[in-house]
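One structure is given below, encoded as structure tokens.
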Amino acid sequence: MSQGEPSIFSLIIDGQLPCHKVYEDDSVFAFLDINPCSTGHTLVVPKEQATTLDQLSDESAAAIGTVLPRISRAILEVTGATDFNVLQNNGEAAFQSVFHVHFHIIPKHEDGSGLAWPFITTQLDPEEGKTLAESIRKLLG
Ligand code: AMP
Numbered sequence: 018m019s020q021g022e023p024s025i026f027s028l029i030i031d032g033q034l035p036c037h038k039v040y041e042d043d044s045v046f047a048f049l050d051i052n053p054c055s056t057g058h059t060l061v062v063p064k065e066q067a068t069t070l071d072q073l074s075d076e077s078a079a080a081i082g083t084v085l086p087r088i089s090r091a092i093l094e095v096t097g098a099t100d101f102n103v104l105q106n107n108g109e110a111a112f113q114s115v116f117h118v119h120f121h122i123i124p125k126h127e128d129g130s131g132l133a134w135p136f137i138t139t140q141l142d143p144e145e146g147k148t149l150a151e152s153i154r155k156l157l158g
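If you're matching positions, the sequence shown starts at 18 in this note's numbering and goes up one per residue.
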């Protein structure tokens, strides 16, 4: 997608590409993922075409935040799952493949389908944590 060109998700939102829609309001659109990790895997997308979450307006962020729990509840009720992950990738190195902000809602089913948790963790150094948190707080005012 080059600058100004509609993303594949914008084409879906505009009805130019098909999808299995589950939700729409003035600011948000949600549909089933075409390659689901598990039954019910849904993408929740702001109509605003921002590439990554840090570029999204407060208005769209608020609209998405408002409906994520509601859409999650509906997916859980329909699929019978009780556990789920909300995943949000930003940038190629972070596994983003469609460059239009979106949240994945991925139910975790009893058969094990859903998201695996392969992430490597480290121990937070207390001094580094103090400096880092201070720097972030300063920017957030
Ligand atoms: P991400 O890697 O976080 O950018 O995820 C992009 C997601 O979009 C993947 O899970 C794809 O399966 C999904 N996807 C791509 N094209 C379509 C489409 N036309 N309809 C539904 N889901 C799609």
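For each residue, glycine too, the CB sits at the ideal point set by N, CA and C.
Beta-carbon separation of residue i and residue j under 8 Å?
{"i": "PHE120", "j": "ILE92", "result": "no"}
{"i": "THR59", "j": "ILE88", "result": "yes"}
{"i": "THR83", "j": "VAL118", "result": "no"}
{"i": "ILE122", "j": "PHE136", "result": "no"}
{"i": "LEU34", "j": "VAL61", "result": "no"}
{"i": "LEU104", "j": "LEU141", "result": "no"}
What is the residue span of the beta strand (DSSP E) that residue i lies within?
{"i": "GLU41", "result": "38 to 41"}
{"i": "THR68", "result": "No beta strand (DSSP E) contains THR68, which DSSP labels as neither H nor E."}
{"i": "ALA150", "result": "Not the beta strand (DSSP E): ALA150 falls in the alpha helix (DSSP H), residues 143 to 157."}
{"i": "PRO63", "result": "59 to 63"}
{"i": "PHE136", "result": "Neither: PHE136 is in no beta strand (DSSP E) and is coded neither H nor E."}
{"i": "LEU49", "result": "45 to 49"}
Is any heavy atom in the ligand AMP found nearer than 7 Å to the beta carbon of residue i?
{"i": "LEU85", "result": "no"}
{"i": "SER130", "result": "no"}
{"i": "ASN102", "result": "no"}
{"i": "SER27", "result": "no"}
{"i": "GLN113", "result": "yes"}
{"i": "ASP50", "result": "yes"}
{"i": "HIS126", "result": "no"}
{"i": "LEU34", "result": "yes"}
Terminal residues of the continuous alpha helix (DSSP H) containing residue i?
{"i": "PHE26", "result": "25 to 30"}
Could you check how far apart the C-beta atoms of residue i and residue j are, in whole angstroms? I think they sit under 8 Å.
{"i": "VAL45", "j": "PRO63", "result": "6 Å"}
{"i": "SER130", "j": "SER74", "result": "About 34 Å separates the two Cβ atoms, so there is no contact after all."}
Practice problem: Could you pull out every unbroken beta strand (DSSP E) segment of at least 3 residues lying fully inside the region 71 to 120, listed in chain order? | Solution: 100 to 104
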